[in-house]
Structures are given as C-alpha cells and as structure tokens.
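J.: The structure follows.
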Amino acid sequence: MTKYIRRAKFENLTNPTTGLPSGKLIEEQLKTIKNQENWTLLYIGVYDMEPFKEIQGIVALDDVLLFIATVLKESIEKHGTLNDFIGHAGSNDFIIVTQPDVASVICHEVTNRFNKEVQVFYPFRVRQEGKVITIDSRGNKLESPFMTLSVG
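In case it helps, this note's numbering puts the sequence shown at residues 1356 to 1507.
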C-alpha cells in the first residue's frame, strides 16, 4: 500500500501528459533557487491552443504538449547544464530555470523550432489556408493563427 501512496504523491507532482514537474515541484524549485545567484527564469507561453483543440481534439493537443516538452528538453540537453529545471506550470505555460549565459540561446532555439515545426500537427487543408477557422457558440466564423510559442 505504501508503494501506491508514494506513486500517487509523485503523480500529483508531475503533469500526466508531459511528465514534467508541476505544481509543488515547481514551487519547491523556485524556493530553492530564489536566494542563489546566477540563474534565470524563462517563462514559456503557448498561444492559440484552443482553436487547435477545437479542430483536432484533446488527443492531438496532448501530442503538441509532448512535442513542447521534447523541444524544451532537447534544448536544455544541448545548451544547458545538469542543474537546469523544466516545469509544466499550467495548460499552456512552462518554465525553464537555467544559467544566464545560455538563456538567450535557449529562448531563440525553443521559439524558432516550435514556431517552425508546430504546423505539422495541423491538417493539410488548414496549413494551405494559413489559419484556423472555427465556429463559436453563436455560429460566427472565427479565424485564428497557428499556435505560437514565446519566451519571456
């Protein structure tokens, strides 16, 4: 029984889709580093996920979230250190804690790679149109851009 309790506690500390630390693990990491020197917090936001979810569904959105986690991990593996931290702070929000000297390289790589490669998740016809078209609850046609990622 103890094994299952430990597992439940761990699973509540990570995002079930991405497997990245979330909630309390992010809080603990930020508390740990707040009095240390030589670190930078990168906040990553993904925009226009809702229109994508409307046309492709939640399973496809989970694939995008896994893709984001992969992009972040690969960028940290390439440019970061063993002490860097990646967290999934919310549905479309992520954080990276890294060294200041590599922060701009990580920002550039993550942003460019996501914004370039995310289009493969859209159907061919949507890519051809260059926008996502959805219908709201009142029957109005809405046009949205493809998902984008920005880092601040």
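Positions of the beta carbon are idealized from the N, C-alpha and C atoms, including for glycine.
1) Since Val-1452 and Phe-1440 should fall inside the 8 Å C-beta cutoff, what is the C-beta to C-beta distance between them, to a whole number of angstroms?
2) Give me, in chain order, the residues of the same chain whose beta-carbon lies closer than 7 Å to that of Glu-1409; leave out the 5 immediate sequence neighbours on both sides.
3) Checking 8 Å against the spacing of the C-beta atoms, do Ile-1461 and His-1434 come in under that value?
4) Thinking C-alpha only, which one of Ser-1446, Gly-1400, Lys-1428, Gly-1445 is nearest Asn-1438?
5) Does the Cβ-Cβ distance between Pro-1455 and Thr-1395 come in under 8 Å?
6) Could you check where the alpha helix (DSSP H) with Leu-1385 kicks off and where it finishes?
7) Unbroken beta strand (DSSP E) runs of length 3 or more, entirely within the segment 1406–1464: which are they?
8) Can you list, in chain order, the residues of its chain whose CB lies under 8 Å from that of Leu-1421, leaving out five sequence neighbours each side?
9) Can you tell me which residues form a DSSP beta bridge with Val-1299?
10) Specify the secondary structure class of Lys-1496 as computed by DSSP and reduced to three states.
T.: Quick answer:
1) Rounded, the Cβ-Cβ distance is 4 Å, consistent with contact.
2) Within the same chain, Glu-1409 has close Cβ partners Thr-1489.
3) Yes, these two residues count as a Cβ contact at 8 Å.
4) It is Lys-1428.
5) Yes, the pair counts as a contact, with Cβ atoms nearer than the cut-off.
6) It spans 1378–1388 - the alpha helix (DSSP H) in which Leu-1385 sits, taken as one unbroken run.
7) Entirely contained in the segment 1406–1464, the beta strand (DSSP E) runs reaching 3 residues are, in chain order, 1440–1445, 1448–1453.
8) Counting only Cβ-Cβ distances below 8 Å, and skipping sequence neighbours, we find Thr-1372, Thr-1373.
9) One cannot answer for residue 1299 here, as it falls past the ends of the chain, which runs 1356 to 1507.
10) In the three-state reduction of the DSSP assignment, Lys-1496 falls in the strand class, which pools E and B.
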